[in-house]
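Below: the structure, in structure tokens.
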Amino acid sequence: MAFTLEELAGRFGGDVVGNSAQRVVSLAPLDQAGPQQLAFLANPKYLAQVETTRAGAVLISPDDLTKLASSDGRNFIVTPNPYAYFARVAQAFIDLATPKVAPGVHPSANVDASASIAASAVIGPNVTVEAGAVIGEHVRLDANVFIGRGTQIGAGSHLYPGVVIYHGCRIGERAIVHAGAVIGSDGFGFAPDFTGEGDARTGDWVKIPQVGGVSIGPDVEIGANTTIDRGAMADTIIETCVKIDNLVQIGHNCKIGAYTVIAGCAGIAGSTTIGKHCMIGGAVGIAGHVTLADYVIVTAKSGVSKSLTKRGVYTSAFPAVDHADWNKSAALLRNIDKLRDRIRALEAAVAAKPQGDA
Amino acid sequence: MAFTLEELAGRFGGDVVGNSAQRVVSLAPLDQAGPQQLAFLANPKYLAQVETTRAGAVLISPDDLTKLASSDGRNFIVTPNPYAYFARVAQAFIDLATPKVAPGVHPSANVDASASIAASAVIGPNVTVEAGAVIGEHVRLDANVFIGRGTQIGAGSHLYPGVVIYHGCRIGERAIVHAGAVIGSDGFGFAPDFTGEGDARTGDWVKIPQVGGVSIGPDVEIGANTTIDRGAMADTIIETCVKIDNLVQIGHNCKIGAYTVIAGCAGIAGSTTIGKHCMIGGAVGIAGHVTLADYVIVTAKSGVSKSLTKRGVYTSAFPAVDHADWNKSAALLRNIDKLRDRIRALEAAVAAKPQGDA
Amino acid sequence: MAFTLEELAGRFGGDVVGNSAQRVVSLAPLDQAGPQQLAFLANPKYLAQVETTRAGAVLISPDDLTKLASSDGRNFIVTPNPYAYFARVAQAFIDLATPKVAPGVHPSANVDASASIAASAVIGPNVTVEAGAVIGEHVRLDANVFIGRGTQIGAGSHLYPGVVIYHGCRIGERAIVHAGAVIGSDGFGFAPDFTGEGDARTGDWVKIPQVGGVSIGPDVEIGANTTIDRGAMADTIIETCVKIDNLVQIGHNCKIGAYTVIAGCAGIAGSTTIGKHCMIGGAVGIAGHVTLADYVIVTAKSGVSKSLTKRGVYTSAFPAVDHADWNKSAALLRNIDKLRDRIRALEAAVAAKPQGDA
Chain A
1 MAFTLEELAG RFGGDVVGNS AQRVVSLAPL DQAGPQQLAF LANPKYLAQV ETTRAGAVLI
61 SPDDLTKLAS SDGRNFIVTP NPYAYFARVA QAFIDLATPK VAPGVHPSAN VDASASIAAS
121 AVIGPNVTVE AGAVIGEHVR LDANVFIGRG TQIGAGSHLY PGVVIYHGCR IGERAIVHAG
181 AVIGSDGFGF APDFTGEGDA RTGDWVKIPQ VGGVSIGPDV EIGANTTIDR GAMADTIIET
241 CVKIDNLVQI GHNCKIGAYT VIAGCAGIAG STTIGKHCMI GGAVGIAGHV TLADYVIVTA
301 KSGVSKSLTK RGVYTSAFPA VDHADWNKSA ALLRNIDKLR DRIRALEAAV AAKPQGDA
Chain B
1 MAFTLEELAG RFGGDVVGNS AQRVVSLAPL DQAGPQQLAF LANPKYLAQV ETTRAGAVLI
61 SPDDLTKLAS SDGRNFIVTP NPYAYFARVA QAFIDLATPK VAPGVHPSAN VDASASIAAS
121 AVIGPNVTVE AGAVIGEHVR LDANVFIGRG TQIGAGSHLY PGVVIYHGCR IGERAIVHAG
181 AVIGSDGFGF APDFTGEGDA RTGDWVKIPQ VGGVSIGPDV EIGANTTIDR GAMADTIIET
241 CVKIDNLVQI GHNCKIGAYT VIAGCAGIAG STTIGKHCMI GGAVGIAGHV TLADYVIVTA
301 KSGVSKSLTK RGVYTSAFPA VDHADWNKSA ALLRNIDKLR DRIRALEAAV AAKPQGDA
Chain C
1 MAFTLEELAG RFGGDVVGNS AQRVVSLAPL DQAGPQQLAF LANPKYLAQV ETTRAGAVLI
61 SPDDLTKLAS SDGRNFIVTP NPYAYFARVA QAFIDLATPK VAPGVHPSAN VDASASIAAS
121 AVIGPNVTVE AGAVIGEHVR LDANVFIGRG TQIGAGSHLY PGVVIYHGCR IGERAIVHAG
181 AVIGSDGFGF APDFTGEGDA RTGDWVKIPQ VGGVSIGPDV EIGANTTIDR GAMADTIIET
241 CVKIDNLVQI GHNCKIGAYT VIAGCAGIAG STTIGKHCMI GGAVGIAGHV TLADYVIVTA
301 KSGVSKSLTK RGVYTSAFPA VDHADWNKSA ALLRNIDKLR DRIRALEAAV AAKPQGDA
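Residue numbers (the UniProt record's numbering), protein chains in the order written: chain A, 1 to 358; chain B, 1 to 358; chain C, 1 to 358.
Below, the structure is given as structure tokens:
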């Protein structure tokens, strides 16, 4: 349960400065790390801690290394992004510490004879895999996962307990889908078929069948209890390396561009396209049928009702203030047209006055 | 896997113009349809496409049919609502294409001996049906569905994987409940039982038992991971043909009127009554103990804190704009009372000046 | 299925006035109660109903009792908090009426040999309990619950169907966790590891492993489909008697103070600390890394972006109004800086005028 610095550099890159045979057994912050622990400097304001740390080794950027008074007798792995390096090493330690689960299908699982399950996959208790589904190598389906007919799960994916993937969906390689997420549920579409008005109205909402699927690229993570609807005709699309937090709703026929991150409780209505590398804040709402350019940032709690065609940061949320003060401002806002009218009247009155009256 | 126009008209109504023996095997948009496909004209702006389509037949309204230069050699089903007709035909094709699941109870299901399961119902793997529950004809309970004691599921309903219906609830005929939805969880009610203030406060929140149920009418659709709480004393009520999207929260003792639609991420606090034929936009929040009239529309992201007693469209959401611009406006709004005071001072100053000074 | 007033007072406190042998078989409102029912007066405005009620007994405060014209021939339990007392009695009646479930492990459950299950616990169908988990006395795990390795569930807790608790979490005594809730899913944390800009950007989001757990105190209630993420390094903490409604998201490393209540659809981003006895309204959003003082109230739909260091009520939500009126106000708000400029210009013009010109 240890790595030498040489082993880490071999696996994750970076240059070792100091003793490459130094062993580290875990990670810790600079000010707490001991001689067998690996620390990291991600923010230059903690540079002084590097001078005094007891850490066995420190992850540091080339630039920060040059700022040290001395590196004598210390060990470093020099890497342009110590924080990302830390994350990768942390994962490696977790993988060491996590009990391995033997491949195979739990006897309580219900797997259709026509489904294809890779030999290295782990199919947990009470999992259901329907006809024609394809489960890739090293996939892990935890307890009570449901995979609908014909759905494909890419190699190395991990679906946590209770995840439901409807029929006809494709999940890419190395997906992480947290518990309770639902992918491929019907999009919300109904044709009004009513006649008459008011109390005399009769008729019905007629369901629009949703015959598209959901297509998810590689390296996507999806949060707990998040929902992604299947498309009406074509697929809902989630591209490479999109990261989605908990309790997010993505409507039918949305397309989410690669590397975009979406924070918790956000909701995106149907047929909306979000560009690549966007950052959608928590509880943001985005209307249907709009397009967001690449690199758009929408701050938390904001609402987007029209397309945002230019890279930038967009906001429509107010921070909470004292309730009574807020109510006063809100009342004035409701009557802001009256303030405008009073300004107009004043402008007219001032203009009507003789300019010089001497 | 085909229908003649005559068969469709027999099943769904409408008048055939042209060759009633024409067969169609699927649906397609006007500009893509081939000679064995059925297209539809829902929006008159695409009328020109009807003149050039290669579709085997077109669904069209009587009014639009009269606008065509010629209908010679073409086939139509004439119906007042081509879009709804399209939806019904699409569903018929899906029903043809979807593998039939044999009625019966999966051996891994746990069904209490006192529950009543109709012979035509399909009870999937690992389903639990508790004592006294009643499962109607042609009901389909997918994997891991839970039906609490005494709960009734109306004929023709389909509950997707992992749906949980607590005890003592009633679901009407032909319900569609998507994966992960929870119906009948306890309403959020606690009696404060504290003494003292500040750091000296002691006591407890005492749970108010929730002994009502949830009563859901026929033809209701409920989205994935949506939650509907049971009532405190009386039932929470969802009337006929209400359509609810994903991740919606409906509090205890709400009553949602017939034909109302509620988009994703909306939340409705307890004891609120929403009229018939309302449209509640995505991420709308509605306070508890208020009443919305029939035909009220609340636009996405808005908040309703008081009753809305008149039919109309209601809004309180801002669209996101450039972050820096927004912050400037928000700061001025926070101080809008100072703008008002400056206007007042100006009005006083202007009024104090002699009106005519010649 | 009845209690005498003496039995109730023995169990829940309070002083009996009148016939302590009076039996009650259920609860009812003052104006509907019959001679074998128990009513309660929580709001003095209904005092007149106490004079005329047919109830077998009434729960009343000492103060309200003195306001009655006469208590002759009537029965009371006098208690400082009749509403909380009512809640406790109601629960006692429910406990009487609810079928007892025999302790034991359902044959379809998957319990690891190294897990510890108290003899009085009820483990339902298809439950999974992983290695090293500890399930306390009288715990009830309903169908399809998942308990990850090493997780501890405190005595007397009830987890409803489909609840998922990841590995390494601790749930306190007497917890109520409603269906579909997910506790211990990974916090949302990724280190950016990109180089280049715009279309030339390459790289990846590197997952920050989440190695903390979730630690939940006693007497906590958690709503349906709510999600609580595990911490990155240290635990996410929910203190004693916190009550959380449905569809709430709590990010990694949050700390929620004792007795705080959080209404439905609220979202709290990571590393935020909320004080004790706070009330967080429905659909409130709270940013990450902020601190709320004890006794803070945030009204429904508001957003909190900065720490709130003083007890008080905070708001940033507008109530929905007529759509056209709102749009006018919103347009003026967007241009409120122009109103301010016009006021400035007026002030300058008025100031430039001679004050007295006679």
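All C-beta atoms, glycine included, are put in the ideal place defined by N, C-alpha and C.
Quick check on DSSP: helix, strand or coil for residue i?
{"i": "D341 (chain B)", "result": "helix"}
{"i": "F86 (chain B)", "result": "helix"}
{"i": "A55 (chain C)", "result": "coil"}
{"i": "S185 (chain A)", "result": "strand"}
{"i": "D357 (chain B)", "result": "Note that D357 (chain B) scores 47 on pLDDT, short of 50, meaning its location in the model is unreliable and no value can be drawn from it."}
{"i": "Q91 (chain A)", "result": "helix"}
{"i": "K207 (chain C)", "result": "strand"}
{"i": "G104 (chain C)", "result": "strand"}
{"i": "Q49 (chain C)", "result": "helix"}
{"i": "D31 (chain B)", "result": "coil"}
{"i": "G198 (chain B)", "result": "helix"}
{"i": "V122 (chain C)", "result": "strand"}
For residue i versus residue j, is the C-beta spacing smaller than 7 Å?
{"i": "V214 (chain A)", "j": "R230 (chain A)", "result": "yes"}
{"i": "G212 (chain A)", "j": "D186 (chain A)", "result": "no"}
{"i": "G196 (chain A)", "j": "I165 (chain A)", "result": "no"}
{"i": "A224 (chain C)", "j": "V182 (chain B)", "result": "yes"}
{"i": "F12 (chain A)", "j": "Y85 (chain A)", "result": "yes"}
{"i": "L38 (chain C)", "j": "V24 (chain C)", "result": "yes"}
{"i": "I77 (chain B)", "j": "V16 (chain B)", "result": "yes"}
{"i": "G282 (chain B)", "j": "G285 (chain A)", "result": "yes"}
{"i": "D257 (chain A)", "j": "I274 (chain A)", "result": "For clarity, residue 257 (chain A) is Gly in the given sequence; the question names Asp instead. Their beta carbons are under 7 Å apart, which means G257 (chain A) touches I274 (chain A) by this criterion."}
{"i": "residue 362 (chain C)", "j": "G136 (chain A)", "result": "Beyond the ends of chain C as shown, which are 1 and 358, falls residue 362 (chain C); an answer cannot be given."}
{"i": "G18 (chain C)", "j": "N75 (chain C)", "result": "yes"}
{"i": "S157 (chain B)", "j": "V139 (chain B)", "result": "yes"}
{"i": "H167 (chain A)", "j": "G150 (chain A)", "result": "yes"}
{"i": "G172 (chain B)", "j": "I216 (chain B)", "result": "yes"}
Just grab the DSSP bridge partners of residue i for me.
{"i": "N225 (chain B)", "result": "DSSP lists no partner for N225 (chain B)."}
{"i": "G267 (chain A)", "result": "A:Q249, A:G285"}
{"i": "T66 (chain C)", "result": "DSSP lists no partner for T66 (chain C)."}
{"i": "T236 (chain B)", "result": "B:V214"}
{"i": "A39 (chain A)", "result": "A:V58"}
{"i": "M279 (chain C)", "result": "C:V261, C:I297"}
{"i": "H158 (chain C)", "result": "C:R140, C:I176"}
{"i": "F76 (chain B)", "result": "B:V17, B:V58"}
{"i": "R23 (chain B)", "result": "B:T4"}
Along the chain, where does the alpha helix (DSSP H) that runs through residue i open and close?
{"i": "A191 (chain B)", "result": "From DSSP, A191 (chain B) is part of no alpha helix (DSSP H) but of the beta strand (DSSP E) over 190-195."}
{"i": "D325 (chain A)", "result": "323-334"}
Chain B beta carbons: is any one of them nearer than 7 Å to that of residue i?
{"i": "residue 441 (chain A)", "result": "The structure shown has nothing for residue 441 (chain A), since chain A only spans 1 to 358."}
{"i": "I208 (chain A)", "result": "yes"}
{"i": "K276 (chain A)", "result": "no"}
Would residue i count as contacting chain C if we go by Cβ distances under 7 Å?
{"i": "F318 (chain A)", "result": "yes"}
{"i": "Q91 (chain A)", "result": "yes"}
{"i": "K328 (chain B)", "result": "yes"}
{"i": "P218 (chain A)", "result": "no"}
{"i": "A324 (chain B)", "result": "no"}
Any C-beta of chain A sitting closer than 7 Å to the C-beta of residue i?
{"i": "A358 (chain C)", "result": "Any reading at A358 (chain C) is ruled out, since the residue's pLDDT is 41, under 50, leaving its predicted position unreliable."}
{"i": "V24 (chain B)", "result": "no"}
Examine the ligand FMN and report whether any of its heavy atoms sits within less than 6 Å of the Cβ of residue i.
{"i": "P35 (chain C)", "result": "Absence of the ligand FMN is noted for the structure shown, with no ligands found whatsoever."}
Could you spell out where the beta strand (DSSP E) holding residue i opens and where it closes?
{"i": "G312 (chain A)", "result": "312-315"}
{"i": "G12 (chain B)", "result": "Reading the sequence as shown, one finds Phe at residue 12 (chain B) and not Gly. Premise fails: F12 (chain B) lies in the alpha helix (DSSP H), 5-12, not in any beta strand (DSSP E)."}
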